[in-house]
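Last residue of the sequence shown: number 137 in the working numbering, and the count goes up by one each step with no gaps.
Ideal Cβ positions, reconstructed from N, Cα and C, are used throughout, including at glycine.
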Amino acid sequence: MEKKKTTAFKWTVAELYWEASPSGDPHEVRMSGDLAGLWEVALSDGVHRIEFEHGTTTGKRVIFVDGKEILRRDWMFKLVGKETFSVGKSDTKATINIDAVSGFAYEYTLEINGKSLKKYMENRSKVTSTWVLNLDGTDCRVVLGEAGFVVQRSV
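In structure tokens:
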């Protein structure tokens, strides 16, 4: 059997990042070289995409949740620190920590309800169960937890 040769492309998200515009216009594209972090977080009301832009020369900080800009700070003189905001219908508390690693290198970590994303997801998997079902051709996400269950269409 002949082995297929594959080509892998590798770049960091900070080098080039394209995304459909938050305005919903498929022809309008947002390009950012300042994207520093990208996380997908599963909450009881669905999976949310969190993007963080950090301009290390200008101090700019921008947070997008599900493609919508929710926080913008321009010309911050302190490049390290944290930004706290809400995610989802239940206004779950999220914090992005910005720490200097060395020189002009930074580390970005996400906390949900005061816990690291990893710890939050571990705890969540202990108290909830999630299924994806296809009902009449539509994907539905079912989350069963301590407070009951949630059914969400179009996963």
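Given that a residue counts as buried once 16 or more other Cβ atoms are within 10 Å of its Cβ, and exposed if not, what is Leu25? buried
Enumerate in chain order the residues of its own chain whose CB-to-CB distance from Lys71 is below 8 Å, with the five nearest sequence positions on each side excluded. Asp27
Per DSSP, what kind of secondary structure is Leu99 in: helix, strand or coil? helix
Whole-angstrom Cβ separation of Phe59 and Gly41, contact assumed at under 8 Å? 6 Å
Expressed to the nearest angstrom, what Euclidean distance is found between the alpha-carbon atoms of Thr77 and Glu65? 5 Å
Please classify Glu86 as buried or exposed, where buried requires at least 16 other C-beta atoms within 10 Å of its C-beta. It is Phe, not Glu, that sits at residue 86 in the sequence shown. Exposed is the call here.
Less than 7 Å between the beta carbons of Val69 and Val47, yes or no? yes
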